[in-house]
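So the sequences go chain by chain: A and B. Note that our numbering has the first sequence beginning at 1, numbered continuously upward. Note that our numbering has the second sequence beginning at 552, numbered continuously upward.
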Amino acid sequence: MKPDELRNLAQREAELRKSYRYRINVCCSSGCMPFGALKVLSAFKDAVKELGVEEECYVARTGCIGTCSIAPAVLVEPGDYLYQNVTTDKVKEIVKEHIVNGRPVKEMLYGNEAYFKKQLRIVLRNAGKIDPLRIEDYIAVGGYYALLKALTRMTPEGVIEEVALSGLKGRGGAGFLTGLKWRYVARATGSPKYVIANLDEGDPGVFANRTLAEADPHAIIEGMAIAAYAVGASKGYIYVRSEYPLAVETLKKAIEAARSMGFLGEKIFETVFSFDIELRLGAGAFVAGEETAILASIEGRRAMPRPRPPYPAHSGLWGKPTLINNVETFANVPVILLKGSEWFASIGVKNCTGTKCFSLTGKVNNPGLIEVPMGITLGEVVFEIGGGVPPGRKFKAVQVGGPSGGFLPENLLNLPIDYESLNKAGAIMGSGGIVVLDDTSCMVDTAKFFTEFCVDESCGKCVPCRAGLYKLYKILDGFTRGKGSLEDLNKVEELCEFIKEASLCGLGQTAPNPTLTTLKYFRDEYIAHIVEKKCPAGKCFKNGGGESGVE
Amino acid sequence: MPDTGFQQVGLKVDRRLTLLENAIKKHQYKKDALLEILHTAQELYGYLDRSLLTYISKLLRLPPSHVYGVATFYNLFKLKKPGAHVVTVCMGTACYVKGAEEIVSTIEKEFNFKRGETTEDGRLSLFVTRCIGACAMAPNAIVDGETIGKATPEEVLKKIRTILEAAKVEAR
C-alpha cells in the first residue's frame, strides 16, 4: 500500500461511517458470546432490514464495550446509548423506538454513569466501536497512520526517543521502561532480531489482554510493527493462550488482513522495512508468561525459565536479540506516536504515565473491563467504578495483580495505583487483575487457593519454588483444617521470604505475596483459625471441604 | 522423506493421520513447531496417546522423551481419553470466590469420582480450568461446550443429568 492509498481509504471509510445516521455496536466478545450475542447480532441485522432502516443504520459486530455484567451489551451511536442484557426479543423494540422513532428505550438502558466517569480509554480507544474483523474500520479511525508516520517521517532512534519520553512502562507487570528496553534491543548485535507480543494471560481472574485482542487486534499489530522498525526486527510472534479461542481467531484474521493490505510483509509503505508476524499458541502453562519461559515455549520446548542475564534483549529467541512486550504495551504505541509523548506523559502521575486496563471482578456490583489513568486510588476503582460490594455485604480486601498479587485491606483504599505504591504495599501491578473480596471470603482459604495455584503452575526447575511453595501450601492447608500453632506463623513468614529471595523467576518471587499480605493485614483471621479453630467467614473446617487437588 | 513409521507404533492409517502428516509437512518438519503439531494432533484425535506421541517424535526426529516431556508439561494436552461428555468448571479467582468449589465437589459426590477423572462407564469427565475469562458472570461451568454463567451446583447437575439422559435415549 502506498501512503496516499491509506489516506484515501481512511477518508472513504470515514465518510461511509458518517453516511449512516445510527450505528448499532453489538458486543461479541468472550464475555457476551456465551449469553447469545451472536443471535442478538443477527436479530439486529434482520430488524433493521424488516423495518426499512438499513440505509441509515449500520449494525456492527464489535469487541468488548467494558460492561461485562450486563451481557449481552449493545451500544448505539451517536450518543453512546448503552443497552443492557439485550435478548433477541428486545431487539425489534429497540430498533423501532430508537432508530425509527428516534426515542431511546430508557427502561432498557444501563443507567450507571459512574462506571464510566472515572475511566479514560486510550488502549481501549476503539474497543466496542469498531469491528475487529474489518481492517477498514480500524483504518477509518486513524489506524496504521502511526506506522506510516514512523516509517516515512521518523528514524528508528526517533521512534525510541518518543516512546522513552512518553514514560511508558511495560504493562505486563514488571513496569520496566519501554523506551529503555527498545534501546537495548536496538543496540544489541545479532541478526535477525525478533519482536514478541506476550498474550499469555494465565492469571486466573484476569482477562484484560484477551479483551483487547478481541476488540482491537490491529492496535497490537501496528504497535508491534512500529517496535520492529525501531529495534530493527524483521519477524514477530504473538504468543497467545490457546484457552482464548476467540482472541486467537480474531488475531489470525487480523494478521491476514494486515498482510493483504501491505501493513505486514515486504517493503511496507514502499520503504525498505519488512516485517511479518506469526501466531504461536500456548498450551496452558502460567509460567510461560515469564519472558525467558515464553522463548522456550516458542522454540517448542517446555516453558521453563532460565536465569538472566543474558537478557532476551541480547540473547532471546534462538539466541538472537529479542524484544518482548505485553500486548497492552504495544497497543499504547500508535497513540503515542500520533498524539506525541508530551500528551501521553501528561496523563497519570509522575513516574507512572498513561493508563492501565484492569479486569474488575469478584464481589463487586459492576464487574467488567476498565481502563483508568495511573494514580487513581483503589477506593475509586472499587467503589465508584465498581459500585462497591453487593448489598448487605461488607468490603474485606482487594487483590491487585493476579495470583501473585497481594491483598490490601480497607485502610489502604486510598492507595494510588502505580507500580511503586503497589509494590510498597505488597501487591503488584501484574497484568491487570483486580479482585474484590467481601466478608464471605476467608483470607486463609484464599491465600491457600493462590498458593495451590502456584504449586500447580511451578515448572519445577528451582527448588525454592517447587519445594518451598508445596511446603507453604501444606501449612496453610493445615490451618484451614484446625492444625498448626502460632509458631507456624513465623515459620510461614520465614519460608515466604526465602521463596521470594531465592526463586529463579517471577513466579516464585511473587508467589508468596498473597500469604505475606494476608498475614500482614489479616493476621487476626489466622489466629482465629489456629487458636479458636474457627473460620470467621465460615468457609473452613467443613467436612471434606477444601479438599485439595495437590498431592 | 523421513521414515513415517506409523505401523511400528500401531497407528491406523486414516484421514486423521493424513491430516496430521500434512500439518507436519506444512511446518517443514521443524522441531520448534512441536507445540503446534501437538495442538493439531489433539484436535484430530481428542487426546494424545503414547503411539501418537511416538509417531510425532519419529517424524520430527526428536527423542520420544522430549515429546513426552513437552506434552506432559502443558495442562492443555490430555494423555488420557476423555469421557463422552465433558463438564469443565472454571476455577479462576472470580469463580472461586463466588463458589466454584461447591459446584465441583457437588459433581464429584454425585458421580463418585474426582476432578480430572472420567466415570467408570466412560460417559462423563470432570475437569477444572484456570479462568475462561467470563469473570463477570462467575461462577462459570461448561457442559459439553455450553457455558452456564452465574451457575449453581443444582443447575449444573440438572444440565448434566439432562445430557446423560438424552444420550441414553439416543443409544436405544
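For glycine and all other residues, C-beta sits at the position ideal for the given N, C-alpha and C. Please read all numbers here as calculations on a predicted model, not as lab measurements.
Tell me whether Trp-343 (chain A) is buried or exposed, calling it buried when 16 or more other Cβ atoms sit within 10 Å of its Cβ.
-> Trp-343 (chain A) is classed as exposed because its beta carbon has fewer than 16 other beta carbons within 10 Å across all chains shown.
Could you tell me whether the Cβ of Val-455 (chain A) comes closer than 8 Å to any Cβ of chain B?
-> Interface with chain B (8 Å Cβ-Cβ cutoff): Val-455 (chain A) is excluded.
Enclosing beta strand (DSSP E) for Gly-223 (chain A) [first to last residue] = From DSSP, Gly-223 (chain A) is part of no beta strand (DSSP E) but of the alpha helix (DSSP H) over 217 to 231.
In chain order, what residues of the same chain lie with their CB nearer than 6 Å to the CB of Gly-143 (chain A), ignoring the 5 residues before and after it?
-> Same-chain partners within the cutoff: His-218.
Could you tell me whether any Cβ in chain B is nearer than 8 Å to the Cβ of Tyr-244 (chain A)?
-> It does: the Cβ of Tyr-244 (chain A) has a partner Cβ on chain B nearer than 8 Å.
Taking the C-alpha atoms as reference points, what is the distance between Ala-689 (chain B) and Lys-701 (chain B)?
-> Between Ala-689 (chain B) and Lys-701 (chain B), the C-alpha separation is close to 5 Å.
Buried versus exposed call for Arg-171 (chain A) [16 or more other C-beta atoms within 10 Å across all chains shown] | Burial is judged here by how many other beta carbons sit within 10 angstroms of a residue's own beta carbon; Arg-171 (chain A) has at least 16 and is buried.
Do you know how far the Cα of Pro-305 (chain A) is from the Cα of Glu-563 (chain A)?
-> Examination of residue 563 (chain A) is not possible in this model, given that chain A is present from 1 through 551 alone.
Jot down the residue ranges of each uninterrupted alpha helix (DSSP H) in the region 353 to 415 of chain A, minimum 4 residues, whole runs only, in chain order.
-> Listed in chain order, nothing qualifies, since the region 353 to 415 of chain A has no complete alpha helix (DSSP H) run of 4 or more residues.
Tell me whether Val-638 (chain B) sits in a helix, a strand or coil according to DSSP, three-state version.
-> Judged by DSSP in its simplified three-state form, Val-638 (chain B) adopts strand.
Tell me whether Ile-417 (chain A) sits in a helix, a strand or coil according to DSSP, three-state version.
-> Coil, per DSSP.
Going straight from the alpha carbon of Ile-683 (chain B) to that of Val-640 (chain B), what length do you get?
-> One C-alpha to the other measures close to 9 Å.
With a threshold of 16 other CB atoms inside 10 Å of the CB of Asp-216 (chain A), please say whether the residue is buried or exposed.
-> Result: buried.
Could you tell me the distance, in whole angstroms, from the CA atom of Ala-574 (chain B) to the CA atom of Leu-595 (chain B)?
-> Going from the Cα of Ala-574 (chain B) to the Cα of Leu-595 (chain B) covers about 11 Å.
When the cut-off is 8 Å and only beta carbons count, does Ile-683 (chain B) lie next to chain A?
-> Yes - at least one Cβ of chain A is within 8 Å of the one on Ile-683 (chain B).
Minimum C-alpha distance to Asn-209 (chain A) - residue among A:Phe-275, A:Asn-325 and A:Asp-418 | Cα-wise, what sits closest to Asn-209 (chain A) is A:Asn-325.
Work out the CA separation of Glu-501 (chain A) and Gly-673 (chain B) for me, nearest whole Å.
-> Gly-673 (chain B) and Glu-501 (chain A) have their C-alpha atoms some 46 Å from each other.
Buried or exposed by the 16-neighbour rule on C-beta atoms within 10 Å, applied to Ser-421 (chain A) = With 16 or more other Cβ atoms inside 10 Å of its own Cβ, Ser-421 (chain A) counts as buried.
Local Cβ density within 10 Å of Tyr-625 (chain B), reported as buried at 16 or more and exposed below that = For Tyr-625 (chain B), the number of other beta carbons within 10 angstroms of its own is at least 16, and it is reported as buried.
Kindly give me the distance between the Cβ atoms of Leu-165 (chain A) and Ser-346 (chain A), rounded to whole angstroms, as I take these residues to be in contact under 8 Å.
-> Rounded, the Cβ-Cβ distance is 12 Å, inconsistent with contact.
Beta bridge counterpart(s) of Ser-676 (chain B) as assigned by DSSP | Per DSSP, the beta bridge partners of Ser-676 (chain B) are B:Val-637 and B:Thr-669.
Please name the residue in A:Val-91, A:Ser-191 and A:Gly-66 whose C-alpha comes closest to that of Val-59 (chain A).
-> Comparing Cα-Cα distances from Val-59 (chain A) to each of A:Val-91, A:Ser-191 and A:Gly-66, the minimum goes to A:Val-91.
Tell me the DSSP bridge mates of Glu-697 (chain B)?
-> DSSP, once it has assigned bridges, lists B:Val-694 as partnering Glu-697 (chain B).
For Asn-332 (chain A), does the count of other Cβ atoms within 10 angstroms reach 16, so buried, or fall short, so exposed?
-> Counting Cβ neighbours within 10 Å, Asn-332 (chain A) comes out buried, since at least 16 surround it.
Test item: CB-CB of Thr-62 (chain A) and Cys-28 (chain A) under 8 Å | For Thr-62 (chain A) and Cys-28 (chain A), yes; Cβs fall inside 8 Å.
Along the alpha helix (DSSP H) that carries Glu-161 (chain A), what are the first and last residues, could you check?
-> Segment 156 to 166, the alpha helix (DSSP H) holding Glu-161 (chain A).
At a cut of 8 Å, does the region 144 to 155 of chain A reach the region 219 to 234 of chain A through at least three beta carbon pairs?
-> Contact annotation: the region 144 to 155 of chain A touches the region 219 to 234 of chain A, with at least three C-beta pairs closer than 8 Å.
Using a Cβ-Cβ cut-off of 6 Å (strictly less than) and excluding sequence neighbours within five positions of Phe-207 (chain A), which residues of its own chain qualify?
-> Within the same chain, Phe-207 (chain A) has close Cβ partners Ser-359.
Say whether chain B places a C-beta atom closer than 8 Å to the C-beta of Glu-551 (chain A).
-> Annotation note: pLDDT 39 at Glu-551 (chain A) (below 50); position unreliable, coordinate value reported separately. For Glu-551 (chain A), the closest Cβ of chain B is not nearer than 8 Å.
Do you know offhand how far Leu-338 (chain A)'s Cα is from Gly-158 (chain A)'s?
-> Each residue's alpha carbon lies about 13 Å from the other.
Return the chain-ordered list of same chain residues with a C-beta closer than 7 Å to the C-beta of Glu-706 (chain B), the five sequence neighbours on each side being excluded.
-> Excluding sequence neighbours, Glu-706 (chain B) sits near Ile-699.
Drop a sphere of 10 angstroms on the beta-carbon of Tyr-580 (chain B), count the other beta-carbons inside from all chains shown, and report buried for 16 or more, exposed for fewer.
-> Exposed: under 16 other Cβ atoms inside 10 Å.
Are any of the Cβ atoms in chain B nearer than 8 Å to that of Lys-363 (chain A)?
-> Answer yes: the Cβ-Cβ gap between Lys-363 (chain A) and chain B drops below 8 Å somewhere.
Given that a residue counts as buried once 16 or more other Cβ atoms are within 10 Å of its Cβ, and exposed if not, what is Val-240 (chain A)?
-> Buried: at least 16 other Cβ atoms inside 10 Å.
Within the region 280 to 368 of chain A, note down every full alpha helix (DSSP H) run reaching 4 residues or more, in order along the chain.
-> Runs of the alpha helix (DSSP H) inside the region 280 to 368 of chain A: 291 to 298, 327 to 339 and 341 to 345.
Exposed or buried, Arg-280 (chain A), counting other C-beta atoms within 10 Å across all chains shown (16 or more means buried)?
-> Arg-280 (chain A) should be labelled buried.
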